[in-house]
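Participant: Have a look at this one before I ask anything.
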């Protein structure tokens with residue numbers, strides 16, 4: 003049974019120190035900001051975050067980074083967050099960079115109970131051969147590097163073995179959810195949110211609109227409630243713009 007929580011704080015109150023969090027969103031799209039803010043307002047520290055990226059300074063997972071709550075990050079992208087880059091390069095944060103498609107499949111496989119899979123992505127690079135800097139020393143030298151991975155050939159092409167990912171908790175954002183946990187995502191917000199939800203042992207979903215069972219057309223359910231343990235109604239959240247581009251108006255028809 004899916005639990006309907008009154009507040010984001012109630013929904014994440016039992017996240018302990020050292021927990022792993024699979025967090026949905028891409029850039030600042032579909033990010034469960036209310037749940038992340040609730041975690042940031044709590045005391046949990048030493049967290050391992052699994053997400054496509056870490057938001058921006060002050061938004062998304064940047065809220066946890068700013069408060070030094072994150073010990074390790076598994077992600078595909080480190081740009082757009084100066085504090086993330088600073089902590090990583092200063093040796094304060096461990097970062098496992100993973101190709102984006104591989105990260106998505108690692109989450110999906112984890113949620114499906116598949117322990118590992120072979121993929122051609124990353125073969126012949128430090129992703130497969132090892133040596134990617136996971137953690138730096140304060141002097142800039144590499145303290146912890148990624149290990150080499152198993153390589154096998156299928157159909158005349160080399161593939162690298164990637165282990166799947168699961169997490170203690172998943173934090174996701176949906177446009178609509180019902181009280182049984184069935185979720186509908188809005189356009190690009192359907193990228194990493196369903197995958198993170200599947201990978202979390204306890205999935206917590208913030209929804210903009212909460213409806214009763216039967217009000218959400220089954221044909222429009224993107225993630226069934228079997229994957230969702232808690233739902234909290236947060237209403238429509240402020241939409242952050244990651245990059246604003248302004249076109250200079252031309253004068254006199256030039």
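In the numbering used here, the protein residues as written are 3 to 256.
Here a beta-carbon is modelled for each residue, glycine too, at the ideal position from N, C-alpha and C.
With DSSP run on the structure shown, which of helix, strand or coil describes residue 120?
Facilitator: Under the three-state reduction of DSSP, residue 120 is assigned to strand.
Participant: Around the Cβ of residue 116, are there at least 16 other Cβ atoms within 10 angstroms (buried) or fewer (exposed)?
Facilitator: Counting every other CB atom within 10 Å of its CB across the protein chains shown gives residue 116 a total below 16, marking it as exposed.
Participant: Enumerate, from N- to C-terminal direction, the unbroken alpha helix (DSSP H) stretches of 4 or more residues contained entirely within the region 85 to 137.
Facilitator: 102 to 114 and 128 to 131
Participant: Apart from the five residues on each side of it in sequence, which residues of its chain come closer than 7 Å, Cβ to Cβ, to residue 84?
Facilitator: 59
Participant: Using CA coordinates, which residue listed in 231, 220, 216 and 225 is at the minimum distance from residue 194?
Facilitator: 225
Participant: Can you grab the Cα-Cα spacing for the pair residue 166 / residue 217, in whole Å?
Facilitator: 35 Å
Participant: Going by DSSP, what residue range makes up the beta strand (DSSP E) through residue 170?
Facilitator: 169 to 180
Participant: At the level of alpha carbons, what is the spacing between residue 40 and residue 14?
Facilitator: 7 Å
Participant: Considering only their Cβ atoms, is the gap separating residue 183 from residue 231 smaller than 9 Å?
Facilitator: Yes.
Participant: Apply the 10 Å Cβ neighbour rule to residue 3 and answer buried if 16 or more other Cβ atoms are within range, or exposed otherwise.
Facilitator: exposed
Participant: The ligand MG heavy atoms versus the CB of residue 220: any closer than 8 Å?
Facilitator: Annotation note on the ligand MG: not contained in the displayed structure, which lists no ligands.
Participant: Considering only C-alpha positions, which residue in the set 36, 143 and 82 is nearest to residue 246?
Facilitator: 82
Participant: Does the Cβ-Cβ distance between residue 52 and residue 99 come in under 9 Å?
Facilitator: No, they are not a contact pair.
Participant: Between the alpha carbons of residue 208 and residue 128, how many angstroms are there, rounded?
Facilitator: Straight-line spacing of the CA atoms in residue 208 and residue 128 works out to 37 Å.
Participant: Buried or exposed: where does residue 168 fall if 16 or more other Cβ atoms within 10 Å of its Cβ makes it buried?
Facilitator: buried
Participant: Excluding sequence positions up to five away, which residues of its chain have a Cβ less than 6 Å from the Cβ of residue 55?
Facilitator: 77 and 79
Participant: Give me the Cβ distance between residue 147 and residue 93, rounded to the nearest whole Å; I'm assuming they're in contact under 8 Å.
Facilitator: Contact check for residue 147 and residue 93: beta-carbon distance about 13 Å, past the 8 Å limit, so the pair fails to qualify.
Participant: Skipping 5 residues on each side, what residues in its chain have a beta carbon closer than 6 Å to that of residue 204?
Facilitator: 171 and 231
Participant: Report the rounded CA-to-CA distance for residue 28 versus residue 9, giving the unit in angstroms.
Facilitator: 24 Å
Participant: Near residue 152, which residues of its chain fall below 8 Å by C-beta distance, leaving aside the five closest residues on each side in sequence?
Facilitator: Excluding residues within five positions, the ones whose Cβ falls inside 8 Å are 162 and 163.
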